[in-house]
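Residue numbers (the numbering used here): 3 to 442. Virtual Cβ for every residue (Gly too), placed ideally from N, Cα, C. Note sheet for the following structure.
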């Protein structure tokens with residue numbers, strides 16, 4: 003059974019009081035969207051193959067082994083995005099497969115990290131076998147790149163695609179009494195949306211395609227930025243299978259930083275997980291300017307000139323040591339050069355006190371405040387609104403020449419960071435998803 007079919011079954015079986023999804027809009031997939039769909043299919047198929055080829059003694063449950071294998075694979079994909087800033091090491095991005103570099107091989111930095119991690123995590127019993135696994139992945143991507151144009155130009159020749167590919171936007175709306183109501187009667191706070199991308203016989207019949215979660219965020223994005231832009235962006239990020247990389251500080255923290263600390267920019271975000279999207283005067287940095295620009299992306303965080311974007315920044319990168327050091331270097335290089343105090347930063351790192359990036363911030367003269375978040379004493383939130391109490395500790399570094407209000411830092415900001423009231427965070431997320439973006 004396809005992932006889309008499984009998601010639909012879950013949606014139908016969610017409960018007797020679950021309202022039926024109603025088709026709101028349908029569009030025919032463009033060539034760009036077909037390319038994204040086929041790339042998503044490729045990476046998910048490669049992930050399934052990768053999970054099965056490990057021969058190492060991981061000594062966990064089958065479910066834990068498979069979850070760790072998926073994480074290793076997803077980090078391989080993410081590594082290409084992080085190293086793509088340097089065309090010397092991997093070439094420019096592939097035009098036909100935009101998440102992969104133009105120069106793809108087992109000797110690239112990303113593939114070498116994959117091999118190292120397979121051995122370190124005991125996913126592979128030997129380095130030679132890890133190298134073989136990397137070669138299988140690289141060859142599969144190269145072969146796919148040679149055929150994707152034919153797939154795009156002749157979508158009717160794809161298995162199960164005789165009816166063509168379309169994008170369907172579905173919604174369900176609940177009144178206070180739980181009945182299905184029209185737009186004039188329905189409480190907007192109870193609207194959820196879902197995207198189905200693939201071949202459709204009807205709205206709820208999907209062949210070999212992608213089904214998004216059904217949640218308020220999907221409705222928010224489609225209704226405010228359009229179905230075409232949302233579908234393409236969503237497939238790009240789902241292609242990475244980024245999972246935990248879409249987790250971040252909860253919406254309550256971001257809104258407090260916006261109101262009390264002058265934060266207007268997110269250093270590492272996406273249209274899916276931006277917690278400020280919809281508020282006046284905000285912008286975010288993200289991996290993919292081509293899909294994210296319609297939502298307000300500034301592009302690559304490391305290419306942004308902070309002097310053009312004065313105010314507060316929240317910076318919460320993926321927890322990768324090399325990346326954390328690059329973040330620390332960029333923030334401190336700016337603060338060392340700039341004497342105006344035009345920008346200040348709230349950087350979220352794991353409490354890895356032996357990490358060079360963590361050490362640079364902790365020892366810097368530009369450190370204004372440092373907040374320690376104990377395991378399970380704070381919340382994080384994913385791109386669809388789910389809330390989690392993590393088992394790891396975090397450090398929040400306030401960096402700059404000044405803070406707008408030290409009293410607010412010691413009061414409302416610390417309270418928001420250390421809040422464990424999951425229900426209040428979910429309620430704030432729901433309200434956030436109803437916000438109409440500022441277009442001024």
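Inset, instruction - Identify whether residue 130 lies in helix, strand or coil by the three-state DSSP scheme. - result: helix
Legend entry - residue 80 beta carbon near the ligand ZN (any heavy atom closer than 8 Å): Absence of the ligand ZN from the depicted structure is noted, as is the absence of any ligand whatsoever, leaving it without description.
Legend entry - Pair within 9 Å by beta-carbon distance, residue 143 and residue 173: no
Inset, instruction - Return helix, strand or coil for residue 431, following the three-state DSSP convention. - result: helix
Legend entry - Beta-carbon gap between residue 375 and residue 405 smaller than 9 Å: no
Legend entry - At least 3 beta-carbon pairs within less than 8 Å: the region 351-366 vs the region 320-336: yes
Legend entry - Local conformation of residue 225 per DSSP, three classes: helix
Inset, instruction - Starting from residue 350, follow the beta strand (DSSP E) in both directions and report where the run begins and ends. - result: 345-352
Legend entry - Opposing strand residues paired with residue 316 [DSSP bridges]: 268, 348
Inset, instruction - May I have the straight-line CA-CA distance separating residue 222 from residue 434, to the nearest angstrom? - result: 9 Å
Inset, instruction - Pull up the CB-CB distance for residue 398 and residue 263, whole angstroms please, since I reckon it's below 8 Å. - result: The pair is not a contact, with the Cβ atoms about 11 Å apart (cut-off 8 Å).
Legend entry - Nearest to residue 149 (by Cα), restricted to the options 99, 349, 271, 383: 99
Legend entry - Rounded separation between residue 53 and residue 134 - CA only: 14 Å
Inset, instruction - Identify, in the order they occur along the chain, each residue of the same chain with its Cβ nearer than 6 Å to the Cβ of residue 252, setting aside the five sequence neighbours on each side. - result: 381, 383, 427
Inset, instruction - Check each candidate in 83, 284, 62 and name the one with the smallest Cα separation from residue 238. - result: 83
Inset, instruction - Please state whether DSSP places residue 166 in a helix, a strand or coil. - result: coil
Inset, instruction - Look up residue 299 in the DSSP assignment and give the residues it is bridged to. - result: 286
Inset, instruction - Leaving out five residues on either side along the sequence, give the residues of the same chain with a beta carbon under 6 Å from the beta carbon of residue 60. - result: 67, 124
Legend entry - Distance CB(residue 318)-CB(residue 349) smaller than 9 Å: yes
Inset, instruction - Just the C-alpha distance for residue 243 and residue 361, rounded to the nearest angstrom, thanks. - result: 30 Å
Legend entry - Nearest-angstrom Cα separation, counted from residue 379 out to residue 424: 11 Å
Inset, instruction - Output the distance between the C-alpha atoms of residue 56 and residue 309, rounded to the nearest integer angstrom. - result: 48 Å
Inset, instruction - Could you spell out the range, first to last residue, of the alpha helix (DSSP H) harbouring residue 22? - result: Premise fails: residue 22 is in no alpha helix (DSSP H) and is neither H nor E.
Legend entry - Helix, strand or coil at residue 373 according to DSSP, with G and I counted as helix: strand
Inset, instruction - Could you check if residue 275 is buried or exposed, using at least 16 other CB atoms within 10 Å of its CB as the buried criterion? - result: buried
Inset, instruction - Please confirm whether residue 296 and residue 228 have their CB atoms less than 9 Å apart. - result: yes
Legend entry - In DSSP terms, what residue 175 is bridged to: 193
Legend entry - Cβ neighbour criterion (16 or more within 10 Å) applied to residue 394: exposed
Inset, instruction - Check whether the Cβ atoms of residue 169 and residue 115 lie closer than 9 Å to each other. - result: no
Inset, instruction - Just mark residue 30 as buried or exposed, buried being the case when its beta carbon has 16 or more other beta carbons within 10 Å. - result: exposed
Inset, instruction - Tell whether a beta-carbon distance below 9 Å holds between residue 278 and residue 330. - result: no
Inset, instruction - Just mark residue 77 as buried or exposed, buried being the case when its beta carbon has 16 or more other beta carbons within 10 Å. - result: buried
Legend entry - Where residue 342 falls, given that 16 or more other Cβ within 10 Å makes a residue buried: exposed
Inset, instruction - Look at the alpha carbon of residue 377 and the alpha carbon of residue 391, and state the distance between them as a whole number of angstroms. - result: 8 Å
Inset, instruction - Work out the CA separation of residue 288 and residue 146 for me, nearest whole Å. - result: 26 Å
Inset, instruction - Mind checking who residue 260 pairs with in its DSSP beta bridge? - result: Paired residues: none, contrary to the question.
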